[in-house]
Amino acid sequence: MSAPYLTGPSYYFTDLETNVLQVAIDHMIEHLEDLCAIDEDARLSLEAFDTTGTNVKRLEAAKRLKERFA
11 MSAPYLTGPS YYFTDLETNV LQVAIDHMIE HLEDLCAIDE DARLSLEAFD TTGTNVKRLE
71 AAKRLKERFA
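Taking our numbering, I'd label the letters of the sequence shown as residues 11 to 80.
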């Protein structure tokens, strides 16, 4: 079940808060892109494959958040 979207008057962000979120999301995307980079050694490990799959999902979520806070 997905969390509800942030809507309504109690969820407004100041310009500074929005900027902090944008910077944090950008850093998270960079970090996850590094983690998801093709690594020959990681292909040999099922655990590494599962971790990469999880990180790909996180990367997609971070990119969706970036679109919302753009």
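Idealized CB from N, CA, C, for every residue including glycine.
Cβ neighbour criterion (16 or more within 10 Å) applied to residue i
i: Thr62; result: buried
CB-CB length for residue i against residue j, believed under 8 Å
i: Ile35; j: Leu69; result: Actually they are not in contact, since the Cβ atoms of Ile35 and Leu69 sit about 11 Å apart, beyond 8 Å.
i: Cys46; j: Asn65; result: 5 Å
Distance between residue j and residue i (C-alpha atoms, nearest Å)
i: Ala72; j: Glu27; result: 17 Å
i: Leu31; j: Lys67; result: 19 Å
i: Asp60; j: Ile39; result: 19 Å
i: Tyr21; j: Val33; result: 19 Å
i: His41; j: Glu77; result: 18 Å
i: His37; j: Asp44; result: 11 Å
i: Phe23; j: Phe79; result: 10 Å
Proximity test, residue i beta-carbon vs the ligand FMN heavy atom, cut-off 7 Å
i: Ala72; result: As presented, the structure is devoid of all ligands, the ligand FMN included, so that no description of it is given.
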